[in-house]
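If you count the sequence shown from 1, you need to add 129 to reach this note's numbering.
Heads up, the beta-carbon is just placed ideally off N, CA and C, and yes, glycines get one too.
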Amino acid sequence: MIALILHSYSPIRQKSQKHQKQQSTVHIASDGPTPQQPCKNKEQAGSPCRQRKWKSSLAILLALSNNAPMTFLRKEWKLRVFRRSSLFLAAVIVSLFASTGLCFGNAEVRVEAITQPNKDVVLSFIRPGQVSKILVKDGESVKAGQVLVQLDDSVEQARLAQLKAQAEDGTRILAADAQYKQKKVDLDRVQLAAKQNVATELEVQHAQLDVLIAKLSLKLAKFEQEQNKLQYREMCLELERMRLKSPCAGKVERLFVKEGESVDSQNEDKVIRIVDISTLRIDTPVPLKIARRLRKGQSAVICFDREGKEQIRGRIVHKASVADAASDTLMVRVEIPNRTARPAGERVFVQFTKNATNINNTVQKSSPPESKFGGIKSTTDKK
């Protein structure tokens with residue numbers, strides 16, 4: 130990159146050389162110090178010499194502040210290229226790239242994304258009805274399971290009371306049980322009479338059938354009572370569907386209805402929106418080459434401005450299994466804590482670093498130094 134910048138600034142380098150030749154002729158004519166001689170007089174050492182030293186020193190500081198390779202600095206210092214104005218401009222440009230995370234340093238990639246709430250739920254009724262009560266307001270904090278909106282359930286409450294009475298009534302079972310016992314007594318008497326040749330075989334068979342019918346009637350009465358209990362439970366569930374409860378803790382973002390309005394389940398009428406911003410999610414489209422090296426639990430730095438003045442550390446909670454072929458990216462989801470209750474929907478910059486940390490934000494041990502070819506240095510490289 131620096132070679133390209135220097136090549137692009139070649140006309141400026143030529144102009145600076147011509148300018149130095151002109152200044153040297155002027156110094157010789159005025160008996161001043163030549164460009165090859167050191168600037169001994171402080172008054173005469175003004176512009177050209179001091180400017181070159183100032184530019185070269187500042188360029189070195191900018192390169193060092195952005196972790197430029199020391200081999201590069203030594204080579205360029207030996208060639209005395211830092212004293213050229215074009216290299217000074219190149220160092221400034223490189224430092225700007227590095228400050229944005231696109232050049233030197235630990236930054237691998239910096240992707241622009243938008244924060245999203247941890248949970249964003251829009252609730253609606255699954256049956257038509259009329260809104261009778263709204264128990265919350267916009268912006269109010271709610272808990273999981275709290276009742277938010279309720280439909281008019283006067284008719285359902287009357288039906289529920291009827292089913293409850295039927296489920297708790299055991300009169301039919303008691304009557305069927307008594308009849309069954311009576312038929313068994315009658316059967317015993319008929320069988321005794323048949324042994325004394327007082328009753329016929331046909332009368333015995335009729336008594337046995339009466340006992341069987343009474344037994345089935347008792348069983349049917351018990352089954353009907355169980356059905357009444359199930360209907361009572363079904364009506365309780367129907368009444369629960371007429372009340373909207375919050376599925377999570379959060380805040381009421383918006384109410385879409387008012388008391389007295391009707392809602393229709395077929396039209397999918399929205400009723401209320403609940404948002405949880407205790408943590409924020411960031412779905413980041415990361416280039417596929419970089420995303421392959423990312424792992425779940427790895428840390429990332431989220432910048433809320435381009436300069437990186439306001440930063441927070443998050444962690445990777447999910448990495449997609451299918452890449453986007455059009456953009457050659459892979460969705461990586463980062464989660465950050467939101468203790469200051471920042472609103473969701475902000476534009477941020479997600480920066481994935483080489484020296485990543487684990488979930489507990491502990492710095493990993495430094496890896497062995499890399500060679501100029503990108504691999505780990507070995508003893509053969511030193512030789």
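Burial state of residue i (16 or more Cβ within 10 Å)
i       : result
Val-271 : buried
Ala-405 : In the sequence under discussion, the amino acid at residue 405 is Asp, which differs from the Ala named in the question. Asp-405 is buried by the Cβ-count criterion.
Phe-352 : exposed
Asn-357 : buried
Lys-312 : buried
Val-451 : exposed
Asn-487 : Its pLDDT being 46, under 50, Asn-487 is placed unreliably by the model, and nothing is read from it.
Arg-410 : buried
Leu-459 : buried
Val-401 : Per the sequence shown, residue 401 should be read as Ile rather than Val. Counting Cβ neighbours within 10 Å, Ile-401 comes out buried, since at least 16 surround it.
Leu-359 : exposed
Ala-455 : exposed
Val-284 : exposed
Ser-428 : buried
Val-392 : buried
Ala-470 : exposed
Pro-257 : exposed
Ile-342 : exposed
Ile-255 : exposed
Ala-290 : exposed
Val-314 : exposed
Gly-175 : Caution is warranted here: a pLDDT of 48 is assigned to Gly-175, below 50, making its placement in the model unreliable, and no coordinate value can be reported.
Pro-466 : exposed
Supposed contact pair residue j and residue i - C-beta distance, whole angstroms, cut 8 Å
i       : j       : result
Thr-408 : Glu-475 : Contact flag wrong, Cβ pair sits at about 14 Å.
Asp-457 : Ala-242 : Rounded, the Cβ-Cβ distance is 17 Å, inconsistent with contact.
Ile-403 : Val-250 : 5 Å
Leu-316 : Ala-336 : 4 Å
Tyr-521 : Lys-310 : Beyond the ends of the chain as shown, which are 130 and 512, falls residue 521; an answer cannot be given.
Thr-300 : Ala-473 : With 8 Å as the limit, Thr-300 and Ala-473 do not qualify as a contact, their Cβ atoms being about 60 Å apart.
Ser-253 : Asp-398 : 6 Å
Leu-82  : Phe-478 : Within the shown structure, residues of the chain are numbered from 130 to 512, placing residue 82 beyond reach of any answer.
Met-364 : Arg-288 : 6 Å
Glu-332 : Val-319 : 5 Å
Lys-448 : Ala-420 : 7 Å
Gln-354 : Ala-296 : 7 Å
Asp-267 : Leu-384 : 6 Å
In DSSP terms, what residue i is bridged to
i       : result
Thr-329 : Bridge partners of Thr-329: none, in fact.
Phe-481 : Val-238
Cys-365 : In DSSP, Cys-365 forms no bridge with anything.
Met-460 : Pro-414
Ile-342 : According to DSSP, Ile-342 bridges with nothing at all.
Thr-101 : Residue 101 lies beyond the residue range present for the chain, which begins at 130 and ends at 512; the question has no answer from this structure.
Asp-306 : DSSP lists no partner for Asp-306.
Ile-263 : Val-278
Leu-423 : Its beta-bridge partners do not exist; DSSP assigns none.
Cys-432 : Gln-440, Phe-478
Arg-372 : Gln-279
Ile-445 : Val-463
Lys-248 : Asp-405
Asp-317 : Paired residue(s): none; Asp-317 is not in a bridge.
Ile-243 : Arg-476
> Are there three or more Cβ pairs, one per stretch, closer than 8 Å when the stretch 416 to 426 is compared with the stretch 254 to 266?
Replying inline: no
> For the stretch 379 to 418, which segments carrying the beta strand (DSSP E) assignment without a break, of at least 3 residues, lie completely within its bounds, in sequence order?
Replying inline: 379 to 384, 401 to 416
> Which ranges would you report for the alpha helix (DSSP H) in the stretch 265 to 300 if only whole runs of at least 4 residues count?
Replying inline: 283 to 297
> Counting Cβ pairs, one atom from each stretch, are 3 or more of them under 8 Å apart for the stretch 375 to 392 and the stretch 439 to 447?
Replying inline: no
> Should the stretch 379 to 393 be called in touch with the stretch 326 to 336, which here means at least 3 C-beta pairs below 8 Å?
Replying inline: no
>> Does the stretch 334 to 349 come into contact with the stretch 301 to 308, if we say contact requires no fewer than three beta-carbon pairs (one atom in each stretch) closer than 8 Å?
In response: yes
>> Check whether the stretch 271 to 282 and the stretch 362 to 371 are in contact - that is, three or more C-beta pairs closer than 8 Å.
In response: yes
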